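Undergrad: Here it is, the structure, as structure tokens.
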Amino acid sequence: MTVAARRTFLKGIGAAGVLGALAGCGVPAAYVDASDRAARDLSGRDGRLTFANWPLYIDTDDEDKTRRPTLDAFEKRTGIDVRYTEEINDNDEFFGKISPSLMNHQETGRDLIVISDWMCARFVRLGWVQEMDRSRQPNVARHLDPILRTPRFDEGRMFSVPWQSGITGIAYNKRRLGREIRHVSDLWADDLKGRVTLLSGLDEAFALLMQGDGVDIRKWTADDFHRMCDRLEKRVSGHHIRRFTGNDYIKDLASGDVLACQAYSGDVIQLQADDPDIAFVVPEEGAELWAESLMIPNLARHKRNAERLIDHYYDPEVAASLAAWVNYVCPVPAARDVLASSKDKDLAALAEDPLVFPDDTMRERLAIARDITSGERTEFARRWNSIVGL
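Under full-length UniProt numbering, the sequence shown has 26 at position 26, and the numbering climbs by one with no breaks.
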């Protein structure tokens, strides 16, 4: 299991261009005012909800893959029937699927969705999601990791709650390279010419490269972006970068065709199971901490039920069960103690894995990048795509 089914790269201008084109054709503005976001909530008399997620992003029973233990436990405890769908394969694709309903003030048929935070930012700016009632979510209020509480697009996390988190850093083969990598600049060493890959997605790649230039990604500027692109263009023209990839960097690293690459922490945990010589590093300059988050779309008919389900996954016991299956950075630090106390040696060891529960040293180097605004996206995507060949 990798993030291949969940993290995806930006293809062309993407959904931002779609919205711009619609505005130019006289279609009413897509923004929805706060007073028009809620529908009559049927939760009190209708014990259901529809939950749309990415494939392979929830625990399943080893003997019966149709069973999802943490979700089954919620249904048994609350009596709420959850229609769980694995329909999200690409952020832009899913945006295109539900945006016509949202911009036209219609129901989406979904009470809960999970999308990447850079896309969550777009939904929040457009007013397409509802504010949550934290009085119904004591576990979220108590257990959400402080480092994830205040992204620029949703200060206080009132419109979004992380489902899982992860780190975009550097993976490399220690044995084949024969030395450590500690800085982003180490990727540009002469002995790595033609043996390095970077991620092709703008939203996935840019933050780490800026951090290598000493930029605070919480407040980066257009000048920072273009300076990073200038340097990257020189490395592309000098054939230092082998190629830009999606999640297929996994095969390159495993085969030895690539010695170092930009990578996601969740992938590396899986790679290390087969090859302990593969290491993941958060560079000393820092790395991006990202999340994929739960949101309640406008006009959802089971908002209170959805809020209860979100809070269920912030119970440390439940969060520990999910973390043990998906192996991402757990947004509930208290789950670490649950795993550490397990009699199962593998589960107890997971509590000590810094790629699931980052230690203090690693946490000091993690930051959440400010999102690319709608006004910036067209210009930046055009330049980025020209560099990576999209």
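C-beta: ideal position from N, C-alpha, C; glycine also.
On a predicted model such as this, the values are computed, not experimentally measured, just so you know.
Is it buried or exposed, R195, if we count other Cβ atoms within 10 angstroms and call 16 or more buried?
TA: Against the sequence shown, residue 195 aligns to sequence position 195. By the 10 Å Cβ count, R195 comes out buried.
Undergrad: Compute the beta-carbon to beta-carbon distance between G169 and E285, rounded to the nearest angstrom, for a pair I have assumed lies under 8 angstroms.
TA: Sequence index remark: in the sequence shown, residue 169 carries index 169 (1-based). Sequence index remark: in the sequence shown, residue 285 carries index 285 (1-based). Rounded, the Cβ-Cβ distance is 11 angstroms, inconsistent with contact.
Undergrad: For S321 and P69, which I take to be in contact (beta-carbon distance under 8 angstroms), what is that distance rounded to the nearest angstrom?
TA: For the purposes of this step, residue 321 is taken as residue 321 along the sequence shown, with counting starting at 1. For the purposes of this step, residue 69 is taken as residue 69 along the sequence shown, with counting starting at 1. With 8 angstroms as the limit, S321 and P69 qualify as a contact, their Cβ atoms being about 7 angstroms apart.
Undergrad: So, at 7 angstroms on beta carbons, what are the nonlocal neighbours of A121 in its own chain, with the 5 sequence-adjacent residues on each side left out?
TA: Residue mapping note: residue 121 aligns to position 121 of the sequence shown, counting from 1. Taken in chain order, the residues that qualify are F153, D371.
Undergrad: Tell me the rounded alpha-carbon separation between D224 and V236.
TA: Position 224 of the sequence shown, counted from the first residue, corresponds to residue 224. Position 236 of the sequence shown, counted from the first residue, corresponds to residue 236. So the two alpha carbons sit approximately 18 angstroms from each other.
Undergrad: For the beta strand (DSSP E) holding A171, just list the boundary residues, first then last.
TA: By 1-based counting over the sequence shown, the position of residue 171 is 171. Run containing A171: 161 to 173, per the beta strand (DSSP E) assignment.
Undergrad: What residue range does the beta strand (DSSP E) around V236 cover?
TA: Stepping through the sequence shown from its first residue, residue 236 is reached at position 236. Here V236 belongs to no beta strand (DSSP E); instead the alpha helix (DSSP H) covers 222 to 237.
Undergrad: So, do the segment 275 to 284 and the segment 230 to 249 have three or more beta carbon pairs nearer to each other than 8 angstroms?
TA: Contact between the segment 275 to 284 and the segment 230 to 249 is absent, because fewer than three Cβ pairs lie under 8 angstroms.
Undergrad: For the alpha helix (DSSP H) that A324 lies in, which residues bound it at each end?
TA: Residue numbering aside, residue 324 sits at position 324 when the sequence shown is read from its first letter. It spans 316 to 326 - the alpha helix (DSSP H) in which A324 sits, taken as one unbroken run.
Undergrad: Start and end of the beta strand (DSSP E) containing T245?
TA: Residue mapping note: residue 245 aligns to position 245 of the sequence shown, counting from 1. Per DSSP, T245 belongs to the beta strand (DSSP E) from 241 to 245.
Undergrad: Please work out which residues of its chain come closer than 7 angstroms, Cβ to Cβ, to G127, disregarding the five sequence neighbours upstream and downstream, and give them in chain order.
TA: Looking up residue 127 in the sequence shown gives position 127. The answer, listed in chain order, is Y31, V32, D33, A34, R37.
Undergrad: Do the CB positions of V82 and E75 come within less than 9 angstroms of each other?
TA: Taking the sequence shown and counting its residues from 1, one reaches residue 82 at position 82. Taking the sequence shown and counting its residues from 1, one reaches residue 75 at position 75. Contact: yes.
Undergrad: Within the chosen definition, does the segment 360 to 371 reach the segment 138 to 155 through at least 3 CB pairs nearer than 8 angstroms?
TA: Cβ pair count under 8 angstroms is three or more, so yes.
Undergrad: Does the distance from the C-beta atom of I113 to that of Y264 stay below 9 angstroms?
TA: On the sequence shown, residue 113 is found 113 positions in, with the first residue counted as 1. On the sequence shown, residue 264 is found 264 positions in, with the first residue counted as 1. For I113 and Y264, no; Cβs fall outside 9 angstroms.
Undergrad: Can you give me the Cβ contacts of I387 inside the same chain, cut-off strictly under 7 angstroms, excluding the 5 residues immediately before and after it?
TA: Along the sequence shown, read from residue 1 onward, the residue named residue 387 stands at position 387. Same-chain partners within the cutoff: C229, L232, E233, V236.
Undergrad: Nearest-angstrom Cα distance between D216 and S160?
TA: Numbered from 1 along the sequence shown, position 216 holds the residue referred to as residue 216. Numbered from 1 along the sequence shown, position 160 holds the residue referred to as residue 160. Straight-line Cα distance between these residues: approximately 23 angstroms.
Undergrad: Would you decide whether K303 is buried or exposed? Buried here means 16 or more other CB atoms lie within 10 Å of its CB.
TA: Position 303 of the sequence shown, counted from the start, is the residue given in the question as residue 303. The residue in question, K303, is buried, as its Cβ has 16 or more Cβ neighbours within 10 Å.
Undergrad: Just the Cα atoms here: how many angstroms apart are E352 and A39?
TA: Along the sequence shown, one-based indexing puts residue 352 at 352. Along the sequence shown, one-based indexing puts residue 39 at 39. About 44 angstroms.
Undergrad: Would you call P138 buried or exposed, if buried means 16 or more other Cβ atoms sit within 10 Å of its Cβ?
TA: Working through the sequence shown from its first residue, we reach residue 138 at position 138. With fewer than 16 Cβ atoms within 10 Å of its Cβ, P138 is classed as exposed.
Undergrad: In angstroms, rounded to a whole number, what distance separates the CA positions of L202 and N385?
TA: By one-based count along the sequence shown, residue 202 stands at place 202. By one-based count along the sequence shown, residue 385 stands at place 385. So the alpha carbons of these two residues sit roughly 8 angstroms apart.
Undergrad: What's the gap between the Cα of P28 and the Cα of S341?
TA: In the sequence shown, counting from the first residue as 1, residue 28 sits at position 28. In the sequence shown, counting from the first residue as 1, residue 341 sits at position 341. Annotation note: pLDDT 45 at P28 (below 50); position unreliable, coordinate value reported separately. Cα-Cα distance, rounded: 56 angstroms.
Undergrad: In this structure, does DSSP put R48 in helix, strand or coil?
TA: Start at 1 with the first residue of the sequence shown, and residue 48 comes out as number 48. In this structure, R48 counts as strand in the three-state DSSP scheme.
Undergrad: Excluding five sequence neighbours on each side, which residues of the same chain lie with their C-beta closer than 7 angstroms to the C-beta of T60?
TA: Here residue 60 refers to the residue found at position 60 when the sequence shown is read from its first residue. These residues qualify, in order along the chain: R67, R68.
Undergrad: Considering only the beta carbon of each residue, do Q262 and A367 sit closer than 9 angstroms?
TA: In the sequence shown, the residue the question calls residue 262 occupies position 262. In the sequence shown, the residue the question calls residue 367 occupies position 367. No, the Cβ-Cβ distance between Q262 and A367 is not below 9 angstroms.
Undergrad: Let's test the definition: count the other Cβ atoms within 10 Å of the Cβ of E204 and tell me whether it reaches 16, buried, or not, exposed.
TA: If you number the sequence shown from 1, residue 204 lands on position 204. Classification of E204: buried, given that the 10 Å Cβ count is 16 or more.
Undergrad: Once you ignore the five residues that flank Q272 on each side, which residues in its own chain have a CB closer than 7 angstroms to its CB?
TA: Locating residue 272 in the sequence shown gives position 272, counting from the first residue. The residues are I278.
Undergrad: Tell me which residues share the same chain as D275 and place their Cβ nearer than 7 angstroms to its Cβ, disregarding the 5 neighbours each side in the sequence.
TA: Taking the first residue of the sequence shown as 1, we reach residue 275 at position 275. For D275, where only same-chain residues beyond five positions count, the Cβ hits under 7 angstroms are A254.
Undergrad: Considering only C-alpha positions, which residue in the set R301, G266, K343 is nearest to I354?
TA: Your numbering for residue 354 matches position 354 in the sequence shown. The residue you asked about is not Ile; residue 354 is Pro in the sequence shown. Per the Cα distances, G266.
Undergrad: Would you kindly report the start and end of the unbroken beta strand (DSSP E) that includes M295?
TA: The residue labelled residue 295 in the question sits at position 295 within the sequence shown. Here the beta strand (DSSP E) through M295 covers 287 to 295.
Undergrad: Let me check understanding here. Comparing Cα to Cα, which of P358, H239, Q270, L299 lies closest to W325?
TA: Start at 1 with the first residue of the sequence shown, and residue 325 comes out as number 325. The candidate whose alpha carbon is nearest that of W325 is Q270.
Undergrad: Any idea what DSSP makes of F206, helix, strand or coil?
TA: Numbered from its first residue, the sequence shown carries residue 206 at position 206. Of the three classes helix, strand and coil, the one that applies to F206 here is helix, per DSSP.
Undergrad: Counting C-beta neighbours from all protein chains within 10 Å, is the total for S135 16 or more, i.e. buried, or is it exposed?
TA: Here residue 135 refers to the residue found at position 135 when the sequence shown is read from its first residue. Per the 10 Å Cβ criterion, exposed.
Undergrad: Can you list, in chain order, the residues of its chain with a C-beta nearer than 6 angstroms to that of L177? Leave out the 5 residues immediately preceding and following it.
TA: Here residue 177 is taken as the residue at index 177 of the sequence shown, counted from 1. So the list reads L259, once near-sequence residues are dropped.
Undergrad: With I296 and A306 assumed to form a contact (beta carbons below 8 angstroms), what rounded beta-carbon distance in angstroms separates them?
TA: For this step, residue 296 is matched to residue 296 along the sequence shown. For this step, residue 306 is matched to residue 306 along the sequence shown. The Cβ separation is near 5 angstroms, so the contact holds.
Undergrad: Have a look at A73 and S165 and give me their C-alpha separation to the nearest angstrom.
TA: Locating residue 73 in the sequence shown gives position 73, where the first residue counts as 1. Locating residue 165 in the sequence shown gives position 165, where the first residue counts as 1. Cα to Cα, A73 sits roughly 23 angstroms from S165.
Undergrad: How many whole angstroms separate the CB atoms of P316 and A334, which I take to be in contact at a CB cut-off of 8 angstroms?
TA: By 1-based counting over the sequence shown, the position of residue 316 is 316. By 1-based counting over the sequence shown, the position of residue 334 is 334. At roughly 4 angstroms, the Cβ-Cβ gap stays under 8 angstroms, so P316 and A334 are in contact.
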